[in-house]
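Anchor point for the sequence shown: position 63 equals 1333 in our numbering, and the numbering is continuous, going up by one each time.
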Amino acid sequence: MGFKTRFRAQPDQAYDARITDLGVRPFNAPGSNTGPGSGAGIVTGTDALGAPIIQRTGQWVNRNVSNTTPLLLAATMAASVRVLPANPQRTGLLINNKDPTVTIQVSFGNDAGILGISVGPGVTILLDFTTPGDSVYVFNGNAATVQAVVTEIVRAGTGS
């Protein structure tokens, strides 16, 4: 950027102005010694199969845990099924339509029924960066029973 070129955030800006401020370290990014691959770790023993048990020496710890819920959606449902309650700690969501021919509908926060988001046959939706924390509803308005899978990823524990 030129000497007189400067980014100025507008009141209706949809993102943090610090993202494009090249005068500071972006996102307060730490050094290269804090990522998932940092530190080789210390072997503290072996498990029942003889694999080494390694105590990590790096600072980064993945605190996400997941829960997979298989669904069997009845044919021509009268109303959606709430498959997950509202969860403000949700950091990711996978919704998989296992059926090879039938489309299902997914809605967040309320029962939208047939007006929900369509998930086509064999399609998996991944919501990670913009995961809604609302209740998740699934609807099958088709004449066939459908299998689906919902995987919720949530932040557990404390810290980074």
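Don't be surprised by glycine CBs; every beta carbon is placed ideally from N, CA and C.
A straight line joining the alpha-carbon of PHE1378 with that of ALA1414 spans about 23 angstroms.
In this structure, the beta-carbon distance from SER1350 to GLY1383 falls below 7 angstroms.
For ALA1418, the enclosing beta strand (DSSP E) has its first and last residue at 1416–1425. Judged by beta-carbon spacing, VAL1376 lies beyond the 7 angstroms limit of GLY1392, meaning their Cβ atoms are not closer than that value. When Cβ pairs closer than 8 angstroms are counted between the two stretches, the stretch 1331–1341 is seen to touch the stretch 1420–1427, the count reaching three or more. THR1316 counts as exposed, since fewer than 16 other beta carbons sit within 10 angstroms of its beta carbon. With 16 or more other CB atoms across the displayed protein chains lying within 10 angstroms of its CB, LEU1363 is buried. In the three-state reduction of the DSSP assignment, GLY1320 falls in the coil class, being assigned neither a helical nor a strand state.
DSSP, read as helix, strand or coil, puts GLY1311 in coil.
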